[in-house]
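**Student:** Just so we're aligned, residue 12 is where the sequence shown starts under the working numbering, counting upward by one. For every residue, glycine included, the Cβ atom is placed at its ideal position computed from N, Cα and C. Computed from a predicted structure; not experimentally measured. Below is a structure I'd like to ask you about.
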Amino acid sequence: MAQKLIHEILPVGMLQCNCSILGDPETRDAIVIDPGDEVDRILAAIAKHDLKVRAILNTHAHIDHVGGLRRLHEATGAPVFMHRDDLELYRHLDRQAQWLGVRPPAMTEVDQFLREGDTVRWGGYEARVLHTPGHTQGSVSLYLPFEEAAQKPMARKGEVGNEVPWLFAGDTLFAGSIGRTDLWGGSMPAILSSIQEKLLALPDETIVFPGHGPATRIGEERETNPFLT
Ligand SMILES: [Zn+2]
Ligand SMILES: [Zn+2]
Numbered sequence: 012m013a014q015k016l017i018h019e020i021l022p023v024g025m026l027q028c029n030c031s032i033l034g035d036p037e038t039r040d041a042i043v044i045d046p047g048d049e050v051d052r053i054l055a056a057i058a059k060h061d062l063k064v065r066a067i068l069n070t071h072a073h074i075d076h077v078g079g080l081r082r083l084h085e086a087t088g089a090p091v092f093m094h095r096d097d098l099e100l101y102r103h104l105d106r107q108a109q110w111l112g113v114r115p116p117a118m119t120e121v122d123q124f125l126r127e128g129d130t131v132r133w134g135g136y137e138a139r140v141l142h143t144p145g146h147t148q149g150s151v152s153l154y155l156p157f158e159e160a161a162q163k164p165m166a167r168k169g170e171v172g173n174e175v176p177w178l179f180a181g182d183t184l185f186a187g188s189i190g191r192t193d194l195w196g197g198s199m200p201a202i203l204s205s206i207q208e209k210l211l212a213l214p215d216e217t218i219v220f221p222g223h224g225p226a227t228r229i230g231e232e233r234e235t236n237p238f239l240t
């Protein structure tokens, strides 16, 4: 019986950051992307699917994406990953909190840096790291290339959930919009070239899960996104 990649999207916190949980239905290995807040809900979803979290990945170090890192790391023991270029931003979590008018969340150690071209593996799945600076200097997108997963014995074509590639774009690309670049470390030329050179280079059918709001597809954004045409 074919089983699909487990995918839960939980919009968490005041800014409704899309936290994603991706679980291998056979091995129960999982990753969590952007646990910004509401760690109890995230843990409940992990428990509901009986998953073992192997890595906690951050698309960037804005408070709405990293606020739950410490608690999730403590609860799961999973290592925390982010791009080195956002470490400085993470170190200033207290100032980000002040700016939003909220209490600063507890911080944690970053266990490993994500770099362009890295592959993160869990169960029979893998995600490729694309460094996509512009919204922040260390923004990354995570690409799940179905074609490559299809060559693996555990994930033959038709037996995994993602029959087309998936992209977790953080706050770089949204449905009909792009990330803001007026915050610390932001750059409009950088975000545009990140999107043009790295994201629009992906197949049109790629499903994009942005850091906020609804999913979209690369082809749709290529044709209709007013910031890119
Ligand atoms: Zn952001
Ligand atoms: Zn955000």
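Measure the alpha-carbon distance for residue 166 versus residue 198 and round it to whole angstroms.
**Tutor:** One-based indexing of the sequence shown puts residue 166 at position 155. One-based indexing of the sequence shown puts residue 198 at position 187. The predicted model places residue 166 with a pLDDT of 47, which falls under 50 and marks its position as unreliable, so this point remains unresolved.
**Student:** Which of the three DSSP states is assigned to residue 27 in this structure?
**Tutor:** Counted from its first residue, the sequence shown places residue 27 at position 16. Reduced to three states, the DSSP call for residue 27 is coil.
**Student:** Looking only at DSSP bridge pairs, what is residue 93 linked to?
**Tutor:** Taking the first residue of the sequence shown as 1, we reach residue 93 at position 82. Answer is 124, bridged to residue 93.
**Student:** If we require 3 or more residues per run, which beta strand (DSSP E) segments fall completely within the segment 17-61?
**Tutor:** DSSP runs (the beta strand (DSSP E)) wholly in the segment 17-61: 17-23, 28-34 and 40-44.
**Student:** For residue 181, which option in 14, 68, 39 and 56 has the closest C-alpha, if you only look at C-alpha atoms?
**Tutor:** Sequence index remark: in the sequence shown, residue 181 carries index 170 (1-based). The shortest C-alpha separation from residue 181 is found at 68.
**Student:** Is the Cβ-Cβ distance between residue 51 and residue 28 less than 8 Å?
**Tutor:** As a working mapping, residue 51 is identified with position 40 in the sequence shown. As a working mapping, residue 28 is identified with position 17 in the sequence shown. In this structure, residue 28 does not lie closer than 8 Å to residue 51 by Cβ.
**Student:** Indicate, with yes or no, if ligand 2 has a heavy atom lying under 7 Å from the CB of residue 73.
**Tutor:** In the sequence shown, counting from the first residue as 1, residue 73 sits at position 62. The answer is yes for residue 73.
**Student:** Exposed or buried, residue 195, counting other C-beta atoms within 10 Å across all chains shown (16 or more means buried)?
**Tutor:** Translated into the one-based positions of the sequence shown, residue 195 becomes position 184. Looking at its Cβ environment, which holds fewer than 16 other Cβ atoms inside 10 Å, residue 195 is exposed.
**Student:** In the DSSP output, what is residue 221 paired with across the bridge?
**Tutor:** In the sequence shown, residue 221 corresponds to position 210, counting from 1. Partner(s): 181.
**Student:** Run the CB neighbour count on residue 14, radius 10 Å, all protein chains shown included, and call it buried at 16 or more, exposed below.
**Tutor:** On the sequence shown, residue 14 is found 3 positions in, with the first residue counted as 1. The residue is exposed, with fewer than 16 neighbouring Cβ atoms inside 10 Å.
**Student:** Return the first residue and the last residue of the alpha helix (DSSP H) that residue 77 is part of.
**Tutor:** Along the sequence shown, read from residue 1 onward, the residue named residue 77 stands at position 66. Where residue 77 is concerned, the enclosing alpha helix (DSSP H) stretches over 74-77.
**Student:** From the DSSP output, in three-state form, read off residue 143 for me.
**Tutor:** Residue 143 sits at position 132 when you count from the first residue of the sequence shown. Looking at residue 143 - three-state DSSP - the assignment turns out to be coil, as it is neither helix nor strand.
**Student:** Would you check if the distance between the CB atom of residue 107 and the CB atom of residue 74 is smaller than 8 Å?
**Tutor:** Counting from 1 along the sequence shown, the entry for residue 107 is found at position 96. Counting from 1 along the sequence shown, the entry for residue 74 is found at position 63. Yes; because the gap between Cβ atoms is below 8 Å, this pair is in contact.
**Student:** For residue 185, which residues from the same chain have a beta carbon less than 8 Å from its beta carbon, with the 5 sequence-adjacent residues on both sides left out?
**Tutor:** Reading the sequence shown from its first residue, position 174 is the one you call residue 185. Within the same chain, residue 185 has close Cβ partners 221, 222, 223, 224 and 227.
**Student:** Here's the rule I'm using: 16 or more other beta-carbon atoms within 10 Å means buried, otherwise exposed. How should residue 19 be labelled?
**Tutor:** To locate residue 19, count along the sequence shown from 1; it is residue 8. Buried, since its Cβ has 16 or more Cβ neighbours within 10 Å.
**Student:** Taking 7 Å as the cut-off, is the beta-carbon of residue 128 closer than that to any non-hydrogen atom of ligand 1?
**Tutor:** Residue mapping note: residue 128 aligns to position 117 of the sequence shown, counting from 1. Checking every heavy atom of ligand 1 against the Cβ of residue 128, none is found closer than 7 Å.
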